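Chemist:
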Amino acid sequence: MTENTGEIQAINTAWQIAIQEILRMVIRDMYHTGGEQAFMDHIKRIEEGAVDSIYTDLRLRGTDEWTEMLVKEKASNFVTTLLTSFTFDRA
């Protein structure tokens, strides 16, 4: 059981890192040209839009209300953590 838990955690962590790095490259390339303030404004807009979408549009079939709220909360926290980790690269 412990080995399976460790493997699941490793897979989840690897998935999160992969997505974070892909998004970091995409967002940097898309929004780098407007300067730091424009970059930060874009990040904030994306964060707010994603969190709003999670809470208003996400529907999980076959789950109870508690599970759905837990998934929405964790997804929203992940969005915020991910996007606030992005910094403007001056290079």
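In terms of UniProt numbering, the sequence shown opens at residue 1 and continues consecutively.
The beta carbon of each residue, even a glycine, is placed where N, CA and C say it ideally should be.
These numbers were taken from a predicted model, which means no experiment stands behind them.
Tell me which same chain residues have a C-beta within less than 8 angstroms of the C-beta of E47, skipping the five on either side of it?
Modeler: Taken in chain order, the residues that qualify are V79, T80, L83 and T84.
Chemist: According to DSSP, is R64 helix, strand or coil?
Modeler: Before going on, a small fix: residue 64 reads as Asp here, not Arg. In the structure shown, D64 sits in coil (DSSP, three-state: anything other than H, G, I, E or B).
Chemist: Along the alpha helix (DSSP H) that carries H42, what are the first and last residues, could you check?
Modeler: From DSSP, the alpha helix (DSSP H) with H42 extends over E36 to D57.
Chemist: On the CB-based measure, 16 or more other CB atoms within 10 Å of its CB, does Y55 come out buried or exposed?
Modeler: The residue in question, Y55, is exposed, as its Cβ has fewer than 16 Cβ neighbours within 10 Å.
Chemist: Answer yes or no: do E36 and F88 have a C-beta to C-beta separation smaller than 8 angstroms?
Modeler: Contact: yes.
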